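Chains as they are written, first to last, in our numbering: chain A, 9 to 300; chain B, 3 to 443; chain C, 4 to 285.
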Amino acid sequence: MKRIFFRNKFLPYLLIAPQMVVTIIFFLWPAGEAVLQSFQREDAFGLHTTWVGLANYRALFQDPAYIYSLQVTVVFTIGVTALALISALLLALAVDRTTKAGSTYTTLLVWPYAVAPAVVGVLWWFLFNPTIGLMPYLLSLVGYHWDHALKGDDAMILVIISAAWPQVSYNFLFFVAGLKSIPASMREAAAIDGAGPVKRFFTITLPLLSPTTFFLVVVNFVYAMFATFPVIDATTQGGPADATNILVYKVYQDGFVGLNLGSSAAQSVVLLAIVIVLTVIQFRFIERRIEY
Amino acid sequence: MIRTTLVGAMALAASVSMAQAKTTITWWHAMGGELGQKLDQIVADYNKSQDKFKVVATYKGSYPQTMTAAIAAFRAKKQPDIVQVFEVGTGTMMAAKGAVYPVYKLMKDMGEPFDPNGFLKAVVGYYTDSQGNMLSMPFNSSTPIMYYNKDAFKKAGLDPNQPPKTWGELVADSKQIMKSGAAKCGFTSGWISWIQAENFSAWHNQPIGTEDNGFGGLGARLEFGKDKALVKHWANLAEWQKEGIFKYGGPVGGNDAPPMFYSGDCAIYMNSSASRAGVLANTKGKFEVGYGMLPYYADVKGAPQNTIIGGATLWVLRGHDKAHYKGVASFLSYLSSAKVQADWSQFSGYLPITQAAYKLGQEQGFYAKNPGSDVGIKEITLNPPTANSKGLRFGNYVQVRDVIDTQFQKLLAGNETAQQALDNVDTNGNKLIEQFQKANQ
Amino acid sequence: MVENRPILNILAHLVLILGVLVVAFPIYIAFIASTHGPTDFLSGLIPLTPGHDTWHTYMTMLTTGMQTSGMPPLSLQMMNSLIMALTIAIGKISISIISAYAIVYFRFPFRNLAFWLIFITLMLPVEVRILPTYKVVADLGMLDTYAGLTIPLIASATATFLFRQVFLTIPDELMEAARIDGAGPMKFFWDILLPMSRNNIAALFVILFIYGWNQYLWPLLITTDASHYTIVMGIKRMADVADSQPQWNYIMATAILAMLPPVLVVIFMQKLFVKGLIETEK
Numbered sequence: 009m010k011r012i013f014f015r016n017k018f019l020p021y022l023l024i025a026p027q028m029v030v031t032i033i034f035f036l037w038p039a040g041e042a043v044l045q046s047f048q049r050e051d052a053f054g055l056h057t058t059w060v061g062l063a064n065y066r067a068l069f070q071d072p073a074y075i076y077s078l079q080v081t082v083v084f085t086i087g088v089t090a091l092a093l094i095s096a097l098l099l100a101l102a103v104d105r106t107t108k109a110g111s112t113y114t115t116l117l118v119w120p121y122a123v124a125p126a127v128v129g130v131l132w133w134f135l136f137n138p139t140i141g142l143m144p145y146l147l148s149l150v151g152y153h154w155d156h157a158l159k160g161d162d163a164m165i166l167v168i169i170s171a172a173w174p175q176v177s178y179n180f181l182f183f184v185a186g187l188k189s190i191p192a193s194m195r196e197a198a199a200i201d202g203a204g205p206v207k208r209f210f211t212i213t214l215p216l217l218s219p220t221t222f223f224l225v226v227v228n229f230v231y232a233m234f235a236t237f238p239v240i241d242a243t244t245q246g247g248p249a250d251a252t253n254i255l256v257y258k259v260y261q262d263g264f265v266g267l268n269l270g271s272s273a274a275q276s277v278v279l280l281a282i283v284i285v286l287t288v289i290q291f292r293f294i295e296r297r298i299e300y
Numbered sequence: 003m004i005r006t007t008l009v010g011a012m013a014l015a016a017s018v019s020m021a022q023a024k025t026t027i028t029w030w031h032a033m034g035g036e037l038g039q040k041l042d043q044i045v046a047d048y049n050k051s052q053d054k055f056k057v058v059a060t061y062k063g064s065y066p067q068t069m070t071a072a073i074a075a076f077r078a079k080k081q082p083d084i085v086q087v088f089e090v091g092t093g094t095m096m097a098a099k100g101a102v103y104p105v106y107k108l109m110k111d112m113g114e115p116f117d118p119n120g121f122l123k124a125v126v127g128y129y130t131d132s133q134g135n136m137l138s139m140p141f142n143s144s145t146p147i148m149y150y151n152k153d154a155f156k157k158a159g160l161d162p163n164q165p166p167k168t169w170g171e172l173v174a175d176s177k178q179i180m181k182s183g184a185a186k187c188g189f190t191s192g193w194i195s196w197i198q199a200e201n202f203s204a205w206h207n208q209p210i211g212t213e214d215n216g217f218g219g220l221g222a223r224l225e226f227g228k229d230k231a232l233v234k235h236w237a238n239l240a241e242w243q244k245e246g247i248f249k250y251g252g253p254v255g256g257n258d259a260p261p262m263f264y265s266g267d268c269a270i271y272m273n274s275s276a277s278r279a280g281v282l283a284n285t286k287g288k289f290e291v292g293y294g295m296l297p298y299y300a301d302v303k304g305a306p307q308n309t310i311i312g313g314a315t316l317w318v319l320r321g322h323d324k325a326h327y328k329g330v331a332s333f334l335s336y337l338s339s340a341k342v343q344a345d346w347s348q349f350s351g352y353l354p355i356t357q358a359a360y361k362l363g364q365e366q367g368f369y370a371k372n373p374g375s376d377v378g379i380k381e382i383t384l385n386p387p388t389a390n391s392k393g394l395r396f397g398n399y400v401q402v403r404d405v406i407d408t409q410f411q412k413l414l415a416g417n418e419t420a421q422q423a424l425d426n427v428d429t430n431g432n433k434l435i436e437q438f439q440k441a442n443q
Numbered sequence: 004m005v006e007n008r009p010i011l012n013i014l015a016h017l018v019l020i021l022g023v024l025v026v027a028f029p030i031y032i033a034f035i036a037s038t039h040g041p042t043d044f045l046s047g048l049i050p051l052t053p054g055h056d057t058w059h060t061y062m063t064m065l066t067t068g069m070q071t072s073g074m075p076p077l078s079l080q081m082m083n084s085l086i087m088a089l090t091i092a093i094g095k096i097s098i099s100i101i102s103a104y105a106i107v108y109f110r111f112p113f114r115n116l117a118f119w120l121i122f123i124t125l126m127l128p129v130e131v132r133i134l135p136t137y138k139v140v141a142d143l144g145m146l147d148t149y150a151g152l153t154i155p156l157i158a159s160a161t162a163t164f165l166f167r168q169v170f171l172t173i174p175d176e177l178m179e180a181a182r183i184d185g186a187g188p189m190k191f192f193w194d195i196l197l198p199m200s201r202n203n204i205a206a207l208f209v210i211l212f213i214y215g216w217n218q219y220l221w222p223l224l225i226t227t228d229a230s231h232y233t234i235v236m237g238i239k240r241m242a243d244v245a246d247s248q249p250q251w252n253y254i255m256a257t258a259i260l261a262m263l264p265p266v267l268v269v270i271f272m273q274k275l276f277v278k279g280l281i282e283t284e285k
């Protein structure tokens, strides 16, 4: 906040109005409606509406399919986050060691971030296509019968790889920045004390990277839970047997495809609660970083 | 001379003013690929045939996408005049009384000549209310048939003109084909829920739900698990899949099934009669295709009964003015005329929906010239439909199909027995149907 | 580098080369697929070397599209994507920079409320309010319009916060000096703040352009008319065609064309991209 400021009665309102109008009309109003709808039961065409109190929520948490979707989401989110973070960290450490070629590698590694998740999904879907895909063929050579149309685990692996692939670039950039900010003197000092590269990594690099890592964990969680809709839609569409039906996809399936509006609205509200928690965690963390 | 120019000028003037007054009729459909091209041609012909209305057809993606887009548009008051809805959406559309304009009523209100008796019983039966009134206009109806690779049959030492009639024969043939190396797998199938559950039960004259498979009212519930023939069939499918005789082609339409047949991997393939054009195009020059009726279990009494249809009908949505509905009525008449129907069904492999169109095709010698093209018609007309083989009508059935796919996948993965899988279909499916009943009462 | 261990250096290069290959592999396969004729895929395995249909495939897609799957020419769809990406990027930057200006440089009633309202948008991704937002857009008659494609997406908490941060680091003396010179608030904004934020604006633009170009669910929901399809959502339409086979060569050509513009932006504006990415998340 500034100590000094302009005095003007109307100008600030005028300046902030566009943002407010868009926010209220396209964010708050629809979100409010979602909350209202979660207490209603309505037919697909919107011809009859009845208030049902908490019935939609009760039905939701008694529904094994929803509980299953929650579990699937947890596995998926952790899988994507772990894969994307670990590979990014490995690459960042490697780039940190190479002095000359570092920027070339960086260029070659960052661009997947720019590929739309929907396109990423289509690419991996093609690679793993059971009839003409290359990966199932290669896997069959080593005796593994790949079939993500039938095997839930295969499908989960496919969506995790597809979703993590563009996110690696993102994490990579942050780890590179994080590594750069670690003073070389600290690592040199440790080296002089006789600590090997592995020991140095665990005693110095990793702890000093922890703010970056923590921040990335939250961002990756949000990404995996909300931004991966196109990936799922283009690869498994939640199948087989709901094995990759994550919460966001279920909201869409039940609401826009199944037209079960009350339940879909209740699911939206649950998601809303999750985003709020994640955002608060993220924001508190950001605020702390700003203070430092 | 002067007179003709004058008449010409007047006609021109008239057509100009008419052109300005043309009412635009919107039609959302799910026909991609060659079918979409053909559909566009039909629409263009209609637009040329008269000058009062202009039909604009828009491809909206898959069947579920088209249906949900239309419903969302209805809620937003931006609905098209006509929407193509697949057969399992029928329950949902019928229950939406304030949203759909029943076709029989539309035709009566608009004074359009319309003879419901001219349509094939097995087709319209699916889309009539309890008083026998037609609620939507059939457009593309199909039924599952069996395709087989004649070359593989020959290679395996089987008679290529003798497709297996029963499941027993099919499995024996498959084993021989696999043993001889003529193909890697016996059979695959598109649309598991439609072909290996709903049609299976109709073909064996077994109910899959109460109240005449839902025709009796919203209180109907699923009873797949009580169909012992189906339970046995699913158990067999799981077993055959383990042995490599059957290969699964994926959920919903089973997108991975057609390539397995085209590539020669699987010798037999069950799918919609409307896949015929695609099958021919994709196997041209590779092997000769034979056609047969769906197999049945010889020990089930009453089999084979008749198959049920799939495909889609056209629903008219409310909320437009009378000028629109006049155009809609005129267009629907055009679509169901013998000439258009015969042309469309011969091109696509969909069933002719009127007797007149079927007759026209026979007169043109189409079925004689194109072997296999009438297998579907023979199947649906094999016997007069019973309560078990008229079709099915449950609300939220689009999602029930997902449940069926899910349980089938669990069965194949070895997580459940056939009985458990079908019982779960009933439990989970009935929850959806119950929700639908509550929301629409 | 701390010490010189050749084995570790080789290992580092190996890891990086492997990373680059894994990253490039799907794209390579996609490109190869797009160069083949449609029948080359039925044999059962994708070819690994380029085919001969490249020119034909790409020209067909760009100029005529696939009318049978309701796909207009890709040139039109790419134009729509471009319009969408530019409008979203410019729109977001414009409304965010002026609201950040209002929040940082003015005191007014409801200032905190406004700040919190903007903050809340962070918590409402489009996925959790799909149906109601669709309804609002439809009620406003914005289905199948560029306005409908873009305006609902241009509120931005991240961009507002970024500019707020930037403004907070600008010394107060500048503003005092401006006031002494008799410059009004708008003059101060145009002459001082805007030029000083130029780098941030450029960096943000790169990120937002990619964000806008890559939108999928939103255009999928609100466009019913082929003339407003964007290329990213168009791919999906091609991939699921009822009752017929996916045409892999065309789908992959579309995928390549869909990823090309944002990827080029990242490669050629890498510095701005990295800056934008890291700053918006701070």
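For glycine and all other residues, C-beta sits at the position ideal for the given N, C-alpha and C.
These figures come from a predicted structure and were not determined experimentally.
So what does DSSP say about residue i, is it helix, strand or coil?
i	result
G313 (chain B)	strand
S332 (chain B)	helix
D214 (chain B)	helix
Y152 (chain A)	coil
V318 (chain B)	strand
P430 (chain B)	Here the sequence assigns Asn to residue 430 (chain B), which means Pro is not the residue at that position. Three-state DSSP puts N430 (chain B) in a helix.
I49 (chain C)	coil
Classify residue i: buried if its beta carbon has 16 or more other beta carbons within 10 angstroms, exposed otherwise.
i	result
R201 (chain C)	exposed
L255 (chain A)	buried
R292 (chain A)	exposed
V150 (chain A)	exposed
Y149 (chain C)	exposed
Y250 (chain B)	buried
K274 (chain C)	exposed
Chain B partners of residue i, CB-CB under 7 Å?
i	result
D250 (chain A)	T408
Quick one: which chain C residues come within Cβ less than 7 Å of residue i?
i	result
A71 (chain B)	T227
Taking Cβ-Cβ distances shorter than 9 Å, what residues in chain C pair up with residue i?
i	result
I72 (chain A)	The question names Ile, but residue 72 (chain A) is Pro in the sequence shown. Those do not exist, as P72 (chain A) stays about 23 Å from chain C at its closest Cβ, beyond 9 Å.
K272 (chain A)	Sequence check: residue 272 (chain A) is Ser here, not Lys. The answer, in chain order, is I133 and L134.
Identify the contact partners of residue i in chain A, using a Cβ-Cβ distance below 7 Å as the criterion.
i	result
V126 (chain B)	None at all; the shortest Cβ gap to chain A is about 24 Å.
Which residues of chain B have a Cβ atom closer than 8 Å to the Cβ of residue i, listed in chain order?
i	result
A126 (chain A)	Near A126 (chain A) there are no residues of chain B at all, since even the closest Cβ is about 14 Å away, more than 8 Å.
F53 (chain A)	I73, F76, R77, A98, G100 and A101
Against residue i, what residues of chain C qualify as contacts under a CB-to-CB distance less than 8 Å, listed in chain order?
i	result
I24 (chain A)	I101, S102, A105, I106 and A117
| request: Ignoring anything shorter than 4 residues or poking outside the region 52–118 of chain B, list the alpha helix (DSSP H) runs there in chain order. | output: 65–77, 92–97 and 105–111
| task | Pair every Cβ in the region 230–250 of chain A with every Cβ in the region 94–101 of chain C, then say whether three or more of these pairs are closer than 8 Å. | result | no
| query | Taking only runs of the beta strand (DSSP E) that begin and end inside the region 9–62 of chain A, which ones reach a length of at least 3 residues, in chain order? | reply | 48–50 and 57–59
| Three or more C-beta pairs closer than 8 Å, one from the region 316–336 of chain B and one from the region 183–194 of chain B: is that the case here? | Result no; under three Cβ-Cβ pairs closer than 8 Å.
| task | Would you mind listing the alpha helix (DSSP H) stretches within the region 198–283 of chain B that are 4+ residues and don't spill past its ends, in chain order? | result | 202–205, 212–215, 230–245 and 259–264
| field | Residue ranges of each alpha helix (DSSP H) within the region 141–220 of chain A, 4 or longer | value | Listed in chain order, the alpha helix (DSSP H) elements of length 4 or more contained wholly in the region 141–220 of chain A are 142–149, 160–188, 192–200 and 205–208.
| task | Determine, using beta-carbon pairs with one atom in the region 184–196 of chain A and one in the region 166–174 of chain A, whether at least three such pairs fall under 8 Å. | result | no
| task | Within the region 332–415 of chain B, note down every full alpha helix (DSSP H) run reaching 4 residues or more, in order along the chain. | result | 340–350, 357–365, 368–371, 377–382 and 399–414
| Counting pairs of Cβ atoms below 8 Å between the region 98–110 of chain A and the region 14–24 of chain C, do you hit three or more? | Contact between the region 98–110 of chain A and the region 14–24 of chain C is present, with at least three C-beta pairs closer than 8 Å.
| Does the region 213–224 of chain A come close enough to the region 53–73 of chain A that 3 or more CB-CB pairs lie under 8 Å? | no
| Is there contact here, the region 53–70 of chain C with the region 127–136 of chain C, by at least three beta-carbon pairs under 8 Å? | The answer is no - the region 127–136 of chain C does not touch the region 53–70 of chain C, with fewer than three Cβ pairs under 8 Å.
| field | contact_flag[the region 253–271 of chain C, the region 127–143 of chain A] where n(CB pairs < 8 Å) is 3 or more | value | yes
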